[in-house]
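Only one structure is covered here, and it is reproduced in the block below.
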Ligand code: 5GP
Ligand code: ZN
């Protein structure tokens, strides 16, 4: 689904209707700080166009999925973090709460593996 969703929080952030602490924008993606950070750096990178999850985005617009990883790396540089983790949650069972594809960029502290 790539039509803007009126009831979608991240579509509203992309449209500027809901404020966000934006740290970077590209032609395809927007990066802003997570409101409830799980690490010193916790940034969400979202496609400007609505797709419900990473697989939907990969199917329909793989160039934007690639751009999101480039943006994550740019933000990590800006934040001066050495190593970082990128996460996509897919489905409520995996903890997805916003059904607009988004990459979590986490860093700035030692990250254990596997995650708890
Ligand atoms: P999910 O759980 O879907 O993988 O990730 C959604 C993320 O969005 C969560 O980490 C949550 O803290 C974040 N979030 C929820 N509401 C807002 C908001 O209004 N603004 C920002 N910046 N982040 C939000
Ligand atoms: Zn959306």
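In this note's numbering, the protein residues as written are 895 to 1010.
For every residue, glycine included, the Cβ atom is placed at its ideal position computed from N, Cα and C.
On a predicted model such as this, the values are computed, not experimentally measured, just so you know.
Span separating the alpha-carbon of residue i from that of residue j
i	j	result
residue 903	residue 966	20 Å
residue 970	residue 1010	23 Å
residue 1006	residue 963	21 Å
residue 949	residue 917	25 Å
Residue i: CB within 8 Å of a non-hydrogen atom of the ligand ZN
i	result
residue 990	no
residue 912	no
residue 939	no
Closest residue to residue i among the options (Cα-Cα distance)
i	options	result
residue 973	1000, 941, 1008	1000
residue 968	914, 924, 900, 910	924
residue 947	989, 996, 935	996
Test item: CB-CB of residue i and residue j under 9 Å
i	j	result
residue 922	residue 937	no
residue 1002	residue 934	yes
residue 955	residue 941	yes
Heavy atom of the ligand 5GP within 8 Å of residue i beta-carbon
i	result
residue 903	yes
residue 950	no
residue 918	no
residue 945	no
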